[in-house]
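Residue 1 is where the sequence shown starts when you use our numbering, and the numbers rise one by one after that.
Shown next, in structure tokens, is the structure this report addresses.
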Amino acid sequence: MCRKASRHRTPAILGGFLRAGGSWNYGSPYEQEKYTRQLELLPDQPVDHALELACAEGHFTRQLAPRVKRLRAADISTKALDRARVRCNGHQNIEFSQLDLSADPLPQDIDLIVCSEVLYYLNNEAELESVAKRLVQALRPGGHLVAAHAFVLKDNMSRTGLDWESPYGAETITRILQGVPGLALETSIETELYRIDRFRRLLPGEAAPDTQVTCAAIDAPIEVEVARSIVWGGAAARRFDVAQSERRTHVPVLMYHRIAAEGPGELARYRLSPDAFGQQMLWLRRNGYHAINSDQLAWFVASNHPFVGRPVLITFDDGYEDFAEHAWPILQANDFSAEVFVATDFAGKRAEWDAPFGEPAPLLDAVRIAGLAAEGVSFGSHLASHPRSEELATWNLAEELTRSRAQLERWLGRPITSLAAPFGSTDQRLGILAAECGYKTLFKTVSRAATLRDNLLDLPRIEVRGDFTLDTFARCLEQYQ
């Protein structure tokens, strides 16, 4: 097995809970790099008649057509075929046809069959075996089959894979194809995320050749919609599996502040490096956690409904600009969302409450806040001016609550119902006033998991300190699994 390191292994370089996979941006650099590698595996001899299965919208079809004399491009979707015809306009050697791989007869005496990202849409291994035999029968003796498919966790939890609900992935597909009599695996290109195989239908009496395997790095950037399904280095638990088998009465609510490599020494407790944060998010992903927000937490508590699977609520106080620069890309790459509590009077300014300890860090402005919200980040109030609530008169505290909530609602165009007390205030008035001002959840800093028995206006959070090692973080979470 090849395990070639790529520059995408660490998520730091790079919202839906259960994802079945299968949404491709066919024109992305990642897909184009994969197409290039498939073309590299085409046989050296001239190809008279080729069949491309699941041609989709014709992105690869257009690149394959100049390499063969005749090409039949097939797909089950008539809409996809219509788009493919438009994209491939000008190529006179392409015939488009609708074809259901699992049910329709295949054309015969084919020199080359290409099937990319399609065989894991069959129902089960038995159907895969049946289709594999039909593919071999469709090839003329000496003809080639090129197959490209991703590794998935359902095949092998010990290696990097996509967390899809397909019945199997590249490892199973290759194994089944290798088991078809008369079909030999000639050569493969294997990356950390996918493999491309070239098989050949053997001539009568011909012995199978030795397989040549090339390990390759993934050099193209991986876009978020693909990255969020990847679990680098394998997993201890899959989200779908724990959602089926686990119910619990508690959820850890994690509290972060800054994600930055540098800052004032006296504030190190409130700051994690991007690398350390990336390791923590990858640990959560590998252990089957999914993110919820405060609205979802409130529903479970109000309904007294057990939490499904392994939920975690990831929160950030103050709204530092480095959330957008460092934390959010890491969260997206691991398919997590987050909730950020901002002091609205300071949006676009600096965290002046940190000034006694060093240079105040910049804060998110209203435009950035709205943009992040559009991408799936939740926002809540950290009061308007980041005060210590116990130092305010009651009417001042009420004004802080209403002003910050109103400002956030103007920026985001939706109700704001969550609140985190600055400085971890334990002011007893805060919960009463928050409810009167329209808030549903109030987070404080008692360090434990939230439970179904908790008062929604007095919720605990677990502070993730800057000096936490990954082992410390893991032990903290494991006590709630």
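Positions of the beta carbon are idealized from the N, C-alpha and C atoms, including for glycine.
Leaving out the 5 sequence neighbours to the left and right, which residues in its chain are closer than 7 Å to residue i when beta-carbon positions are compared?
{"i": "G22", "result": "Interpretation of G22 is limited by its pLDDT of 47, a score under 50 that renders its predicted location unreliable; the figure taken from the coordinates is listed afterwards. For G22, where only same-chain residues beyond five positions count, there are no Cβ hits under 7 Å."}
{"i": "D100", "result": "I76"}
{"i": "T402", "result": "C437"}
{"i": "R83", "result": "E57, G58"}
{"i": "G380", "result": "S294, E339, F341, I416, S418, L419, A420"}
Considering only C-alpha positions, which residue in the set the options is nearest to residue i?
{"i": "G233", "options": "A398, A220, R285", "result": "R285"}
{"i": "G179", "options": "E129, P387, S294, R238", "result": "E129"}
{"i": "T441", "options": "E390, T472, H382", "result": "H382"}
{"i": "E478", "options": "L408, P362, A398, R310", "result": "R310"}
{"i": "R70", "options": "T61, R453, S77", "result": "T61"}
{"i": "P209", "options": "A217, T191, T187", "result": "T187"}
{"i": "N396", "options": "R228, L430, R269, T160", "result": "L430"}
{"i": "E321", "options": "S378, I292, A351", "result": "A351"}
{"i": "P460", "options": "T315, D467, F346, R37", "result": "T315"}
{"i": "Q212", "options": "F199, A420, F336", "result": "F199"}
{"i": "K34", "options": "L401, E375, C115", "result": "C115"}
{"i": "S378", "options": "L392, P387, R414", "result": "R414"}
{"i": "S294", "options": "I416, P329, E190, A126", "result": "I416"}
{"i": "H149", "options": "Q137, P167, G143", "result": "P167"}
{"i": "R134", "options": "E117, N123, I113", "result": "I113"}
{"i": "Y256", "options": "R72, E52, F423, G438", "result": "F423"}
{"i": "E125", "options": "V136, S102, H144", "result": "S102"}
If I measure Cβ to Cβ from residue i and keep anything under 6 Å in the same chain, skipping five residues before and after, which residues do I get?
{"i": "D109", "result": "R140"}
{"i": "L502", "result": "There is no way to answer for residue 502, as the model of the chain reaches only from 1 to 481."}
{"i": "A237", "result": "N287, G288"}
{"i": "A298", "result": "K440, T441, L456"}
{"i": "R269", "result": "R465, G466"}
{"i": "F443", "result": "A420, L459, R461"}
{"i": "G348", "result": "D365"}
{"i": "P360", "result": "R350, A351, E352, D354"}
{"i": "P29", "result": "A220, P221"}
{"i": "R388", "result": "F423"}
{"i": "V446", "result": "P460"}
Per DSSP, residue i forms a beta bridge with which residues?
{"i": "Y289", "result": "R310"}
{"i": "Y256", "result": "F316"}
{"i": "P181", "result": "Beta-bridge pairing links P181 to no other residue."}
{"i": "Y194", "result": "A150"}
{"i": "F323", "result": "Note: F323 sits in no beta bridge, so no partner."}
{"i": "I189", "result": "I196, T214"}
{"i": "R201", "result": "L183"}
{"i": "F341", "result": "D317, G380"}
{"i": "L418", "result": "Per the sequence presented here, residue 418 reads as Ser, with Leu not at that position. Its beta-bridge partners are T441."}
Give every residue of the same chain whose Cβ lies closer than 8 Å to the Cβ of residue i, excluding the five residues on either side of it in the sequence, and list them in chain order.
{"i": "D48", "result": "V68, K69, R70, D111"}
Kindly say whether residue i, judged by its beta-carbon, lies nearer than 7 Å to any beta-carbon of chain C.
{"i": "Y289", "result": "The structure shown contains no chain C; it holds only a single protein chain."}
May I have a chain-ordered list of the beta strand (DSSP E) segments no shorter than 3 residues that lie completely inside the region 91-119?
94-98, 110-116
For the region 116-151, which segments carrying the alpha helix (DSSP H) assignment without a break, of at least 4 residues, lie completely within its bounds, in sequence order?
Entirely contained in the region 116-151, the alpha helix (DSSP H) runs reaching 4 residues are, in chain order, 125-138.
Taking one C-beta from the region 273-289 and one from the region 302-320 each time, how about it: are there three or more such pairs within less than 8 Å?
Result yes; three or more Cβ-Cβ pairs closer than 8 Å.
I'd like the ranges of any beta strand (DSSP E) spanning at least 3 consecutive residues and lying wholly in the region 423-469.
441-443
Contact between the region 366-379 and the region 269-278: three or more CB pairs below 8 Å?
no
I want to know whether the region 239-254 touches the region 202-220 - three or more CB-CB distances under 8 Å.
Taking one beta carbon from each stretch, the region 239-254 and the region 202-220 have fewer than 3 pairs nearer than 8 Å; the two do not touch.
In the region 206-276, which residue ranges form an unbroken alpha helix (DSSP H) of at least 4 residues, counting only runs that do not cross its ends?
224-227, 239-245
Please go through the region 347-389 and give each complete alpha helix (DSSP H) segment of 4 or more residues, from N-terminal end onward.
366-374
Cβ contact (3+ pairs, closer than 8 Å) linking the region 250-261 and the region 192-207
Cβ pair count under 8 Å is below three, so no.
Touching by the beta-carbon criterion (3+ pairs, under 8 Å), the region 395-409 and the region 256-267:
No, they do not touch.
Would the region 143-161 count as touching the region 169-177 if we require 3 or more Cβ pairs under 8 Å?
yes
In chain order, which continuous runs of the beta strand (DSSP E) of length 3 or greater are located wholly inside the region 45-96?
49-53, 70-75
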